[in-house]
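Under full-length UniProt numbering, read the sequence shown as residues 1 to 565, first letter to last. Ideal placement from N, C-alpha and C gives every residue a C-beta, glycine not left out.
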Amino acid sequence: MSKELSRVLPKGTNFEAYHLSTPPTVTDALFHPPAQESTLESEEPRPTKPLRTYCEKHFLALSIDAEKHKPESHGQVLAFGLEIYIYTTSYSTTIFVAKADSTGYLSLLDIPKGTPSPIREVTVAFIAFLISTRRRPFKKVVVNLFARAQSQYLFPGSVKNGGKHVLDDRGLVKWWCRVLNALVGGSDINGINKAREDWFSIYGYLVVPGLDEYEARSFLPRSNTNEMTWRLGDPLRQMSPYMAHPGLYGDWIPPRCLIPTYPDDPKARFIEELEEATPTKTKLLKGWTTSRTLDEFWEMMAFRQECSSGRLTGFIWVVFDAKSPPRSTARPDATALPTPTASFNASDVPLPATLAPSELCYTAPGPPDTIRSELIALRRKRAKKGLRGRIVPRQPQIKTHNRTKFPDRISTRYYYWPEAGRGQVVLDESGYNRAVELLLHLEFAKLDVAITSTARWVNEVNVGAKWGLEIVGLREKPVQSSTSSSNTGGAVNDLSGMVQRKRPAENVAVNTLGAGLVRKKAKTTDDDDDTSASRQQAAQPQVNVLGGGLVRKKPKPAETKETEA
């Protein structure tokens, strides 16, 4: 893995890589099993046997030497972390990107502008490394992740570091699409292109709940080839092992059996709600009562879990379809195939005269007492013997090294666990969870505190033993143009060579109007002045004044009394 990482990191930069992993262990199936085909109408529906699934966990962390870039600081400081789960069955391999986070201390490297992001390049290289080492003949590989914007995932307090650049919801979905586009559309790195070799097809898929196809298309990387390699929608029917075998599971598979359930996944939490709200018999026969199709599920998903928090989220897949196994065209040996006369000749297989034809396929069981005695003897063999005798005390054993139990076989029909794809430290499930949980309880807000937290995590993961891979970047830095710098040392963007000026027009004909087309302005006279004055008066609002005959005065009180007298 050190070669793959050194190819993508900037030349001359020094890193320390820490790779943890677990052996493949049996876990819960990702897909709910469909119902069995019942022969009797009155028979209760039963689910089929879940697919045997193995899970393998990987954690990659990168650190830099803070002393080289900041003399007052001494020691390594973690800069990036990535957690990936690998689920394998006899049908396919699923690589699920669980978490990815940075501390922001990569800014200490002073990487020149224009250099590809080390975080993005390391993520692509590590996923490509896992694809290459876990590849099995004629088995498809699926890379899946859920993009959700959050200030910090793995490194507590890192959001307080001013050097950390936190992407918003739209920026994060676009960033992950660009990351996985290197697997879909190719890259200039040999390790990444090696993971793309000899596949039948490679396609990327994107679903943004709450957006239509026109709005979601803006998140895809802009390229002419991406229109053919990226698709808007989900590949769940293509991923499902039940759709590939209609003879065993039937032609119709409900959506509940097509959607995988990962840990800490909003889809899994929503599926759990639907499972609890639907009776067992109904969901086995007809599926969920609310989401009968995948389109309805994604439409309801826009109003559930993290998808309804006001921020955009994205579900991204990259499906590597394997080539189908070649069909055997060679005919078997003619001597191995019996002829019709030989296969139906009764003289070749002599039958005893004492056996009836029905007894050839069925043998009567023994007496009930014999069967009962055999069962009792079998139970006695399986029963554990009780402890007897004196109790001998023994001294407690101190754990001095890791005692992880490895699988007996490297390759089975359910998983492939090569030595080249394992971590530097292989832990069991509890040890791995303890290492990741320890990281979530440390602090990375300030550089000095982050250096102390890094040293503690590195020492406790491998019980004090030194581990880690020293990686030196080999990727050439981008060449800066001579016009981008001046004598004063300030960077100046000179666009004079890129701006195209408009050419001056030569021998441009002048349009001259004839005498008949020119209209002179009329002279103003006294009549025109009176007319303009009357127009101004007409424009002013008029006041209605009543005449003297229309005004009725109110009589005075004194005059009214004299008239009455």
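{"Query": "Alpha helix (DSSP H) runs contained entirely in the region 171 to 242, provided each spans 4 or more residues", "Result": "190 to 195, 213 to 216, 226 to 229 and 236 to 239"}
{"Query": "Inter-residue Cα distance where the pair is residue 4 and residue 129", "Result": "7 Å"}
{"Query": "Three CB pairs or more closer than 8 Å across the region 420 to 434 and the region 145 to 154", "Result": "no"}
{"Query": "At least 3 beta-carbon pairs within less than 8 Å: the region 306 to 324 vs the region 196 to 206", "Result": "yes"}
{"Query": "Completely contained alpha helix (DSSP H) runs for the region 39 to 116, where each covers 4 or more residues", "Result": "66 to 69"}
{"Query": "Segment limits, beta strand (DSSP E) that includes residue 286", "Result": "It is not in any beta strand (DSSP E) - residue 286 carries neither H nor E in the DSSP assignment."}
{"Query": "Exposure label - residue 21; buried when at least 16 CB within 10 Å", "Result": "buried"}
{"Query": "Cβ separation of residue 249 and residue 163, assumed to be a contact under 8 Å, to the nearest whole Å", "Result": "Contact flag wrong, Cβ pair sits at about 52 Å."}
{"Query": "Residues near residue 293 by beta carbon distance below 8 Å, same chain, minus five either side", "Result": "255"}
{"Query": "Whether residue 117 touches residue 471 by CB criterion (8 Å)", "Result": "no"}
{"Query": "Host alpha helix (DSSP H) of residue 131 (start-end)", "Result": "118 to 133"}
{"Query": "For residue 137, the residue or residues it bridges with in DSSP", "Result": "DSSP lists no partner for residue 137."}
{"Query": "Residue 316 in three-state terms, based on DSSP", "Result": "strand"}
{"Query": "Contact under 8 Å by Cβ, residue 103 with residue 82", "Result": "no"}
{"Query": "Minimum C-alpha distance to residue 240 - residue among 229, 201, 252 and 115", "Result": "252"}
{"Query": "Separation of residue 380 from residue 392, as counted between CA atoms", "Result": "27 Å"}
{"Query": "Nearest neighbour of residue 475, chosen from 122, 25 and 72 [CA to CA]", "Result": "122"}
{"Query": "Any 3 or more C-beta pairs closer than 8 Å across the region 278 to 290 and the region 49 to 66", "Result": "no"}
{"Query": "Residue 27: first and last residue of the uninterrupted beta strand (DSSP E) it sits in", "Result": "25 to 27"}
{"Query": "Residues near residue 450 in its chain [Cβ-Cβ closer than 6 Å; skip 5 each side]", "Result": "77 and 444"}
{"Query": "Limits of the beta strand (DSSP E) - the one that residue 469 falls within", "Result": "469 to 472"}
{"Query": "Beta-carbon proximity list for residue 134, same chain, < 7 Å, skipping 5 on both sides", "Result": "86, 93, 416 and 421"}
{"Query": "Three-state secondary structure (DSSP) of residue 422", "Result": "coil"}
{"Query": "Residue from 276, 265, 236 and 264 whose Cα sits closest to the Cα of residue 257", "Result": "236"}
{"Query": "Counterpart residues of residue 142 in DSSP-defined beta bridges", "Result": "94 and 319"}
{"Query": "Sequence-distant residues of its chain with Cβ nearer than 7 Å to residue 446 (five each side left out)", "Result": "none"}
{"Query": "Classification of residue 301 by the beta-carbon crowding that lies within 10 angstroms, buried from 16 upward", "Result": "buried"}
{"Query": "Which of helix, strand or coil DSSP assigns to residue 37", "Result": "coil"}
{"Query": "Residue range of the alpha helix (DSSP H) that includes residue 455", "Result": "447 to 461"}
{"Query": "Residue 268 - containing beta strand (DSSP E), residue span", "Result": "Not the beta strand (DSSP E): residue 268 falls in the alpha helix (DSSP H), residues 266 to 277."}
{"Query": "Residue 185 versus 461, 304, 276 and 230, residue with shortest Cα-Cα distance", "Result": "230"}
{"Query": "Residue range of the beta strand (DSSP E) that includes residue 21", "Result": "14 to 21"}
{"Query": "Proximity of residue 24 and residue 47 at Cβ, strictly below 8 Å", "Result": "no"}
{"Query": "Same chain, Cβ closer than 7 Å to residue 89, five either side skipped, listed in chain order", "Result": "51, 52, 53, 241 and 414"}
{"Query": "Which of helix, strand or coil DSSP assigns to residue 147", "Result": "strand"}
{"Query": "Rounded separation between residue 473 and residue 109 - CA only", "Result": "12 Å"}
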